[in-house]
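Protein chains: 2
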Amino acid sequence: MGIRDVAAAAGVSITTVSDALNGKGRLPDTTRLHVREVADRLGYRPSAAARTLRTGRSGLLGLTTTMRSTEPFALTEFAWFAELVRSATATALDLGYALVVLPASSPHDVWGNVALDGTIVVDPTDDDPLVHELLRRGVPVVSGGHPGSTPVYGWVDNDHVAAVRCVLDHLAQAGAGRIGLLAASDGPGASKGIAGYRAWCADRGVPPITEEYEARTPGAGRAAAARLLDRTPDAVFGLHEGCAAELLAAARARELRVPDDLLLACCGEGADPSVTSLSLQPALAGAWAVELLVGVIEDAGAGPLLPAQRTVPTRLSVRDSSTRR
Amino acid sequence: MGIRDVAAAAGVSITTVSDALNGKGRLPDTTRLHVREVADRLGYRPSAAARTLRTGRSGLLGLTTTMRSTEPFALTEFAWFAELVRSATATALDLGYALVVLPASSPHDVWGNVALDGTIVVDPTDDDPLVHELLRRGVPVVSGGHPGSTPVYGWVDNDHVAAVRCVLDHLAQAGAGRIGLLAASDGPGASKGIAGYRAWCADRGVPPITEEYEARTPGAGRAAAARLLDRTPDAVFGLHEGCAAELLAAARARELRVPDDLLLACCGEGADPSVTSLSLQPALAGAWAVELLVGVIEDAGAGPLLPAQRTVPTRLSVRDSSTRR
DNA sequence: GGTATGGGGCGATACGTTTCTTCGTAAAGC
DNA sequence: GCTTTACGAAGAAACGTATCGCCCCATACC
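Residue numbers (my numbering), protein chains in the order written: chain D, 1 to 325; chain F, 326 to 650.
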């Protein structure tokens, strides 16, 4: 069932079969059709491994993110990551690639056993060792989230500062005077978001009210939400997915009504349809990261046709939780 | 940077390098260590493509499902599928494999360009052509959901009939007399679920009240939910993810209070924490499917050590929506 | 002294493609 | 009639690994 068998059955050489099936070389249509017909009849499928070995291209893209647990996706940002993966997968397929989700580290050396044409690294650490290893091997890397000092071929990211300002402006316009911030210090874009919040407060001359917690510590979010409400804000902004539930629970415990006594807005994909949410649009991030990466792969050598960096817009969905009646 | 360079640098043959790195052959530890040290120093990584070509094993598993749209995942069951994929990915990695999510059909021939050691097909159609093609190529296939007449190496599935009975019993015990069923006729396990419902009704001697819709048609769910409530049930069971939202909206439109006027239960992963939900436990399904598949791959030739079929248990989470006050 | 025995190591082949180069032949140009 | 051009097709060399079988050299044994 190799190309050899097809060649023999069609009465031509291996070269001719390869050319006929790949649309290369200069062959009369008669030969091309004949070879294709024979190949179809034999049910011939070229070996992906052999092709990869010969051409150096596997048609496979890697996607990884820093793992907080043994799970391949971090639970705190599950919806965000799931949507990013979904979109990246779809885009990759459109462009003729398949996507493999891999952990940054694993008991088995999965990275060594898979031939990757390129990799998307979501939220790389500063000077990410994985990225360096991939680049050393000649695998193009595009990062989701600003790569810091890690040298990559391109990246996509939200404008976290602008996004935070947008939400804060909205809350202020809805009547908030003391806006608190709840942030997971190990969440993606956390430092950017917090900095944006502080800058906004400084601009307005109001004191910042922030509480942070470690998302990986169970119960930390709940405790931080309680601490934040103890500081009597009249509006709160949850910087990370999952904050909404914690804040709502804390408000209920204090018999604070939302939005009457407390305005609420939260980052995330709006799992709760009553909570004003700022979507980071992970679908766009995933799709654009793949497009960037494929551009790099296919223009290898040539200058970058696509910009090496794209800013993913955010979208604010105003719901009941931040609308004064 | 091939194995040749390592051999030259270490002053040994290619064979010795291969044996030393793979722990095969009979070499003194001194040689083994020396070779490994040299390989590390050179930063040598064996070519996955070459290894795959030689050994016939890629360490890659495919995962596919029948696509209703151009998207790789169907939106109506997104949470279910996302969780299944997440769990399957994690399990595969634990066992030393990577997972590739592929659509059943695609503009590019992705299936031909990826070397797969095995494939999980979620909800195959009867006599699925993709499954037959894979089996013809010698790729083991395990299915998620009963494979019907399609010959596969194994499968995992819920006991849909028992699950439906469990929910209906719960609703009846909570006081329901006229229980309606809302089902997506093109959803997974739909026919099984509907059959289970009808059987349960027959057992009890009550007339079935069912409405079906096509999940792929926008607005169909909403309309079907309305039709169902027109038939004045005092409890409804939504057989598919997303039914909950439709039914809640329809109830609100009729000023029916849940659970006072209408008991509600729904399949799904419980996105709405107030709705009684029957989880199909996609995480278990994904993990078990991978375990089954890897078992088949690694015991190729030997008899199946693991059972070829596993039934995934369901879990009923009783919430407010089906609890009479 | 001859021959088992076993440790240590290497040569060569196969995996199945793609592609570079070459080759023959027939038509066309002068 | 001889050279150019174009066409159609094939030969053969990679790509980088794993592995079968073989060889060589000590040491030990009878």
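For every residue, glycine included, the Cβ atom is placed at its ideal position computed from N, Cα and C. Owing to the predicted nature of the structure, the values given are computational and were not obtained by experimental measurement.
Worksheet item: Closer than 7 Å, Cβ to any Cβ of chain D: which residues of the region 556-576 of chain F, in chain order?
Response: none
Worksheet item: How is D/A308 classed by DSSP in three states: helix, strand or coil?
Response: coil
Item to complete: Report yes or no: is there a C-beta of chain F within less than 8 Å of the C-beta of D/L63?
Response: False, the Cβ-Cβ gap to chain F never drops below 8 Å.
Item to complete: Tell me whether F/L358 is buried or exposed, calling it buried when 16 or more other Cβ atoms sit within 10 Å of its Cβ.
Response: Its Cβ having fewer than 16 others within 10 Å, F/L358 is exposed.
Discussion item. Using 8 Å for Cβ pairs, my map puts F/L589 next to F/L572. What's the rounded Cβ distance?
Written reply: 6 Å
Discussion item. Excluding the 5 residues flanking F/L496 on each side, which residues of the same chain have their C-beta closer than 8 Å to its C-beta?
Written reply: If we look at F/L496 and ignore the five residues flanking it on each side, its Cβ neighbours are I504, A560, F562, L588, A590 and S647.
Item to complete: If I'm right that D/D157 touches D/H146 with Cβ under 8 Å, what's the distance once you round it to whole angstroms?
Response: That pair is a contact at about 5 Å.
Practice prompt. Taking C-beta pairs closer than 9 Å, name the residues in chain D that F/V621 reaches, listed in chain order.
Written response: Under the 9 Å cutoff, chain D gives no residues; its nearest Cβ is about 19 Å from F/V621.
Worksheet item: For the 8 Å Cβ check, are there 3 or more pairs between the region 110-125 of chain D and the region 375-389 of chain F?
Response: yes
Worksheet item: Does the Cβ-Cβ distance between F/R361 and F/L346 come in under 8 Å?
Response: yes
Discussion item. For chain F, check one thing: does any of its Cβ atoms lie closer than 8 Å to the Cβ of D/N22?
Written reply: At a cut-off of 8 Å, the C-beta of D/N22 has no neighbouring C-beta in chain F.
Fill in: Endpoints, beta strand (DSSP E) assigned at D/D157
G154 to N158
Worksheet item: Among F/P638, F/S468 and F/S474, which residue has its Cα nearest to the Cα of F/L605?
Response: F/P638
Worksheet item: Where do the N-terminal and C-terminal ends of the beta strand (DSSP E) with F/L506 fall, by residue?
Response: I504 to A509
Worksheet item: Of all the options F/R351, F/T557, F/V489 and F/L507, which has the alpha carbon lying nearest to the alpha carbon of F/A550?
Response: F/L507
Item to complete: Mind listing, in chain order, the continuous alpha helix (DSSP H) runs of no fewer than 4 residues lying wholly within the region 14-80 of chain D?
Response: 14-22, 29-42 and 48-55
Worksheet item: Taking the alpha-carbon positions, what's the D/P151 to D/R204 distance?
Response: 36 Å
Item to complete: Please look up how many angstroms separate the CB atoms of F/S424 and F/A413, rounded, as I've assumed it's under 8 Å.
Response: The question names Ser, but residue 424 of chain F in the sequence shown is Leu. The Cβ separation is near 6 Å, so the contact holds.
Discussion item. Classify D/R86: buried if its beta carbon has 16 or more other beta carbons within 10 angstroms, exposed otherwise.
Written reply: Buried: at least 16 other Cβ atoms inside 10 Å.
Worksheet item: D/P103 bridges to which residues according to DSSP?
Response: D/T65
Worksheet item: chain D beta carbons: is any one of them nearer than 8 Å to that of F/A375?
Response: yes
Fill in: Reduced DSSP category for D/A195 - H, G, I as helix; E, B as strand; rest coil
helix
Item to complete: Kindly confirm or deny that the region 266-276 of chain D and the region 241-256 of chain D touch, where touching means at least three C-beta pairs closer than 8 Å.
Response: Touching, yes.
Fill in: C-alpha distance - F/G336 paired with F/L352, whole-angstrom precision
15 Å
Item to complete: Using three-state DSSP, classify D/G118 as helix, strand or coil.
Response: strand
Fill in: Nearest-angstrom beta carbon gap, D/Y153 and D/V294 [assumed within contact, 8 Å]
That belief does not hold up - the Cβ atoms of D/V294 and D/Y153 are roughly 11 Å apart, past 8 Å.
Fill in: Euclidean distance between Cα positions of D/R252 and D/L168
23 Å
Worksheet item: Can you find a heavy atom of the ligand MN that lies under 7 Å from the Cβ of D/R51?
Response: In the structure on display, the ligand MN does not appear, and there are no ligands present to speak of.
Discussion item. Which same chain residues end up closer than 6 Å to D/V296 when comparing Cβ atoms and leaving out the 5 residues on each side of it in sequence?
Written reply: These residues qualify, in order along the chain: P140 and Y153.
Worksheet item: What is the rounded straight-line gap between the Cα of D/G2 and the Cα of F/A614?
Response: 31 Å
Worksheet item: Of all the CB atoms in chain D, is at least one closer than 8 Å to the CB of F/G593?
Response: Output row for F/G593: interface = no.
Discussion item. Just verifying my parser: in three-state terms, what is the DSSP assignment at D/A274?
Written reply: In the sequence on display, residue 274 of chain D carries Ser and not Ala. Looking at D/S274 - three-state DSSP - the assignment turns out to be coil, as it is neither helix nor strand.
Practice prompt. Since I believe D/R319 is in contact with D/V275 (beta carbons under 8 Å), could you give me their beta-carbon distance rounded to a whole number of angstroms?
Written response: 6 Å
Worksheet entry | Reference F/G469, options F/R462, F/V426, F/L409 and F/A499, closest by Cα | F/L409
Discussion item. Classify D/S277: buried if its beta carbon has 16 or more other beta carbons within 10 angstroms, exposed otherwise.
Written reply: Classification for D/S277: buried.
Fill in: Nonlocal neighbours in the same chain, by C-beta distance under 8 Å from F/C491, ignoring five residues either side
L603, T639 and L641
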